[in-house]
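Number of protein chains: 2
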Amino acid sequence: MSDESTDANARHAAKMKKIKAARDRMMEGKTEEKGLIMVHTGPGKGKSSSGFGMILRCIAHGMPCAVVQFIKGTWVTGEAEILRNRFAEECRFFISGEGFTWEVQDRERDIAAAQNGWKIAREQILDPEVQFVLLDEINIALRYDYLDIDEVVDFLLHEKPRMTHVCLTGRNAKPELIEAADLVTEMSLVKHPFRDGVKAQKGVEF
Amino acid sequence: MSDESTDANARHAAKMKKIKAARDRMMEGKTEEKGLIMVHTGPGKGKSSSGFGMILRCIAHGMPCAVVQFIKGTWVTGEAEILRNRFAEECRFFISGEGFTWEVQDRERDIAAAQNGWKIAREQILDPEVQFVLLDEINIALRYDYLDIDEVVDFLLHEKPRMTHVCLTGRNAKPELIEAADLVTEMSLVKHPFRDGVKAQKGVEF
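Protein chains in written order, with UniProt numbering: chain A, 1 to 206; chain B, 1 to 206.
Following this line, the structure appears as structure tokens:
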């Protein structure tokens, strides 16, 4: 192993240790209930859907909640529609900027959109009214370094109000986020109909 | 390997081959859209939540849907409450029998409840009005053989209307069901706060 990669590994280990220590301090003296940092990741389905399932539970329990969508799909998603039309009072709904285009030439615009989404996310998390915040597909923005992972993790560990739940979704969650989280679920794909040429369908995919 | 286990393996392989053949026939001449058999399994979170997330999408799209819950929790779940109070017209909601008690002495009652749930499930799936049916925690009833797996798989492959979607949730999905399904997602637990003594919380767990 080169000195450079040994250094990188050592830095990584030190960083992880620091995150773990911060997390351990946070967990010390915990009472029975606390706001959770939750991550839904992996290549399988259900990462966003289960986040929206939890939003539905919050609405049922009268817990004010908020959603920030970091990826604006090309279709109008069912979740967005129903939250805006039927639950506007119970759940605040935001789509960050203009969304990603996945095209390199718009990288600057994508970064600005992600940063704007994170600004909204911070405001919602800090708002004492809001008890649950879903940051849908934020992992994509983190993966491409449109957002700074250290800043996000630091905010979640040190500035998030103690009782507020935050759920972060999207594949390829960064190890720093997994280390900081209380609950991490990995969704794996065992079988998928797209392989057989079946297209995305209403109700199931969007 | 004993003759007995060789026989068992051969029977299993033959059964799987038969299920696969039936599935392949079903897939032949498929058009672009078809009703899917979906399975959410594994020890992680999000199996039921993402099923309810899809229900929310169906409601948004005006697709009539139905939920049959095979396990009645000891708490009133948020999903049940909101579906019954706010979406009674869009989504039919059933809890099978009196639910499971997980106590051996009530096995007969549990079997009756599961069978009753399956009767309702069949009716909802066959109802041409209904486009999406969520069979929540049916895998538990299948695992304990409260329902016959061959009967369930046979019904899904041969009697389910072509365009109807069915989503079956619960850990330990039987291999026969996975073989028959179009889309299978496994939820794995990477990290869970219960390990640290944090209790189940409103909005997150129920």
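Beta carbons are placed, not taken as given, at the ideal position from N, Cα and C, and that holds for glycine. Source: prediction; values computed, not measured.
Tell me, to the nearest whole angstrom, how far the beta carbon of residue i is from that of residue j; I am working on the premise that it is less than 8 Å.
| i | j | result |
| --- | --- | --- |
| LEU168 of chain A | PRO43 of chain A | With a Cβ gap of about 16 Å, LEU168 of chain A and PRO43 of chain A do not count as contacting. |
| LEU83 of chain B | VAL67 of chain B | 7 Å |
| ILE95 of chain A | GLN69 of chain A | 5 Å |
| ILE37 of chain B | LEU156 of chain B | 5 Å |
| LYS191 of chain A | ALA181 of chain B | 6 Å |
| GLU179 of chain A | LYS20 of chain A | 6 Å |
| ALA121 of chain A | LEU142 of chain A | Not really, about 12 Å apart at Cβ, beyond 8 Å. |
| MET63 of chain B | GLY203 of chain A | 5 Å |
| residue 208 of chain B | LYS18 of chain A | Past the edges of chain B, shown from 1 to 206, lies residue 208 of chain B, and the structure says nothing about it. |
| GLN201 of chain B | GLU33 of chain A | 6 Å |
Beta-carbon within less than 7 Å of residue i's beta-carbon, same chain only, minus the 5 sequence neighbours each way: which residues are those?
| i | result |
| --- | --- |
| GLU186 of chain B | THR41 and GLY42 |
| ALA173 of chain A | VAL39, THR41 and ASN139 |
| CYS91 of chain A | ILE55, ILE59, CYS65, ALA66, VAL67 and LEU83 |
| SER50 of chain B | HIS40 |
| GLY170 of chain A | THR41, LYS47, GLU137, ILE138, ASN139 and ILE140 |
| VAL153 of chain B | ILE19, GLU176, LEU177 and ALA180 |
| ALA114 of chain A | PHE70, SER96, ALA141, TYR146 and LEU147 |
| PHE93 of chain A | VAL67, ALA80, LEU83 and ARG84 |
| PHE87 of chain A | ILE59 |
Using DSSP with H/G/I as helix, E/B as strand and the rest coil, what is residue i?
| i | result |
| --- | --- |
| ASP182 of chain A | coil |
| HIS61 of chain A | coil |
| residue 209 of chain B | Summary: the structure shown does not reach residue 209 of chain B, with chain B confined to residues 1 through 206, and so no result is reported for it. |
| GLN131 of chain B | coil |
| GLN201 of chain A | coil |
| MET163 of chain B | coil |
| ILE71 of chain B | coil |
| ALA113 of chain A | helix |
| ALA66 of chain A | strand |
| LEU36 of chain A | coil |
| VAL104 of chain B | Because VAL104 of chain B carries a pLDDT of 48, less than 50, the predicted location of this residue cannot be relied on, and the following value inherits that uncertainty. Residue state, collapsed to three classes: helix. |
What are the boundary residues of the alpha helix (DSSP H) that residue i is part of?
| i | result |
| --- | --- |
| LEU157 of chain B | 149-158 |
| ARG143 of chain B | 138-143 |
| GLU81 of chain B | 78-86 |
By Cβ distance, which residues of its chain are closer than 6 Å to residue i, with the 5 residues on each side in sequence left out?
| i | result |
| --- | --- |
| TRP75 of chain B | Residue placement at TRP75 of chain B is poorly supported in this model, since its pLDDT is 48, which falls under 50; the coordinates still yield a value, given next. Excluding sequence neighbours, TRP75 of chain B sits near PHE206. |
| residue 221 of chain B | Given that chain B is displayed from residue 1 to residue 206, the structure contains no residue 221 of chain B and the question cannot be resolved. |
| PHE52 of chain A | GLU79 |
| MET163 of chain A | GLY35 |
| TRP118 of chain B | LEU147 |
| HIS165 of chain A | GLY35, LEU36 and PHE132 |
| VAL104 of chain B | Annotation note: pLDDT 48 at VAL104 of chain B (below 50); position unreliable, coordinate value reported separately. None. |
Would you give the residue range spanned by the beta strand (DSSP E) that residue i belongs to?
| i | result |
| --- | --- |
| ARG92 of chain B | 91-95 |
Taking 7 Å as the cut-off, is the beta-carbon of residue i closer than that to any non-hydrogen atom of the ligand PLP?
| i | result |
| --- | --- |
| ASP148 of chain B | With respect to the ligand PLP, the structure offers nothing, as it holds no ligand at all. |
Spatial neighbours of residue i within its chain, please: CB distance less than 8 Å, with the 5 preceding and 5 following residues excluded, ordered by chain position.
| i | result |
| --- | --- |
| PRO161 of chain A | GLY35, ILE125, LEU126 and PRO128 |
| HIS158 of chain A | ALA22 |
For the stretch 170-190 of chain A, which residues have a CB atom closer than 8 Å to at least one CB atom of chain B, in sequence order? So the list reads ILE178, ALA181, ASP182, LEU183, VAL184, THR185, GLU186, MET187, SER188, LEU189 and VAL190, given in the order they occur along the chain.
Using a Cβ cut-off of 9 Å, which residues of the stretch 142-172 of chain B contact any Cβ in chain A, in chain order? Per Cβ criterion, the list reads HIS165 and CYS167.
Chain A contacts made by the stretch 121-145 of chain B, where a contact means CB separation under 8 Å: The residues in question are GLN131 and PHE132.
What residues from the stretch 50-62 of chain A come within 8 Å of chain B, judged by C-beta to C-beta, listed N to C? Flagged, chain order: SER50, GLY51, PHE52, GLY53, MET54, LEU56, ARG57, CYS58, ILE59, ALA60 and HIS61.
Quick one, which residues of the stretch 75-91 of chain B are near chain A if we go by CB-CB under 7 Å, in chain order? Within the stretch 75-91 of chain B, the residues whose Cβ lies closer than 7 Å to some Cβ of chain A are GLY78, GLU79, GLU81 and ILE82, listed in chain order.
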